[in-house]
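These notes are about the structure you will find just below.
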Ligand code: GLA
């Protein structure tokens, strides 16, 4: 793209991917989640251009760019462009101060891996444009508009967790986020001598987005059945196991299983917070294994590759807990591993995974990092 020849970046923004310790598929059910940003980031560089409405965005990784006319925003057939277009569309709904700009994007967040490269992309762009044009959006506005962009342009009816953690995270902490009230607090995460290791299956079964929306609809169906008996239940966050059992016969068995998982998982998050505060890492790890079981058997968002890696971790006493992470159907497992055992654990997991699926595993340590931030401003 021509702008690259004479690009004078005025602003650099870094926007991270995220992990979620526990509380999966809980955000859109209005419960509690425990996410935080990781050191893997997308780097954005911006300059204003002299046009009023023309924007140019270039992906350094894909070596491809595209032009956008702010007066003619519409969905694209190319998936990654929709995250950009969706954000621009949401910003133009909120302010008329946006003007032409050029932007390069360099991503170090693995795609389709359950670490939310999409939220990093949406939030970094919104954060940068807010600075560049002094749009006066709050961090919370950025979170909300990025989530909306995902609903409208990317087509996934996601919850608030990914965008919230990409923007709001604090180094060395996880966020305890109440997805009903959007109240939050930071919990220090000191798990030495253990570390968080991610194993990336490097598969991303294309069921993911469609099935995600199906799960959300099944949960809503469960709520509407529960409401007939218990009108106070506005989301699965307010449901109990006793209520569910009471309504079991009027529910499709799959809907019952989905709701059962959510109610149990919400309890597990509360127990995990207690375990973290008491530094009871064994208990925390056991909860992660329970979550995986629920995601695999009741919520049915796992896959053979993820199940294999979690089973593999179970056979290693140096691993306190493991589970699939994120939307599911591929991506990473999150594992709590003793630091002395990490090298041999990774070696063995890589060999076993290759033997079983003939796929290379990629791995990395994740440490809780700060959210989206400005790295340079002229
Ligand atoms: C995806 C969504 C999130 C959340 C997770 C599952 O990452 O974007 O909102 O629902 O899946 O916990």
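Numbering (my numbering), first residue to last: 25 to 402.
Heads up, the beta-carbon is just placed ideally off N, CA and C, and yes, glycines get one too.
All values derive from a computational prediction rather than experimental measurement.
Residue 350 Cβ short of 6 Å to the ligand GLA heavy atom set: Yes - the ligand GLA has a heavy atom lying nearer than 6 Å to the Cβ of residue 350.
Buried versus exposed call for residue 345 [16 or more other C-beta atoms within 10 Å across all chains shown]: buried
Three-pair Cβ contact test at 8 Å for the region 205-218 versus the region 237-253: no
According to DSSP, residues forming a beta bridge with residue 83: 88 and 129
Cβ contact check for the region 357-376 and the region 110-130: 3 or more pairs under 8 Å: Because the criterion of three Cβ pairs below 8 Å is not met, the region 357-376 and the region 110-130 do not touch.
Distance cut-off 6 Å: residue 463 Cβ against heavy atoms of the ligand GLA: Summary: the structure shown does not reach residue 463, with the chain confined to residues 25 through 402, and so no result is reported for it.
Burial state of residue 234, where buried means 16 or more other Cβ atoms lie within 10 Å: exposed
Minimum C-alpha distance to residue 347 - residue among 312, 225, 130 and 31: 312
Cβ pair count under 8 Å reaching 3, the region 137-150 against the region 180-197: Yes: at least three Cβ pairs fall under 8 Å.
Residue 41 CB to nearest heavy atom of the ligand GLA below 6 Å: no
Inter-residue spacing [alpha-carbon to alpha-carbon] between residue 47 and residue 193: 16 Å
Three-state class that DSSP yields for residue 271 in the structure shown: Of the three classes helix, strand and coil, the one that applies to residue 271 here is helix, per DSSP.
Cβ-Cβ distance between residue 341 and residue 199 below 7 Å: no
Simplified DSSP state of residue 208, which is helix, strand or coil: strand
Residue burial classification, residue 178 (beta-carbon count within 10 angstroms, cutoff 16): buried
Check whether residue 329 and residue 225 have beta carbons under 7 Å apart: yes
DSSP-derived helix/strand/coil call for residue 373: helix
Those residues which DSSP pairs with residue 388 across a bridge: 222
Straight-line Cα distance separating residue 278 from residue 308: 28 Å
The region 278-292 contacting the region 245-263, beta-carbon criterion three pairs below 8 Å: yes
Sub-7 Å separation of residue 388 and residue 145 beta-carbons: With contacts defined as CB atoms closer than 7 Å, residue 388 and residue 145 fail to qualify as a contacting pair.
Coarse secondary structure for residue 247, derived from DSSP in three states: helix
CB of residue 395 within 7 Å of CB of residue 61, strictly: yes
Near the ligand GLA: residue 48 beta-carbon under 6 Å from a heavy atom: yes
Nearest-angstrom beta carbon gap, residue 73 and residue 125 [assumed within contact, 8 Å]: 6 Å
Three-state secondary structure assigned by DSSP to residue 364: Assignment of residue 364 by DSSP, reduced to helix, strand and coil, places it in the helix class.
heavy atom of the ligand GLA below 6 Å from residue 110 C-beta: no
Residue 51 CB to nearest heavy atom of the ligand GLA below 6 Å: yes
Simplified DSSP state of residue 252, which is helix, strand or coil: helix
Alpha carbon of residue 36 to alpha carbon of residue 159, nearest angstrom: 17 Å
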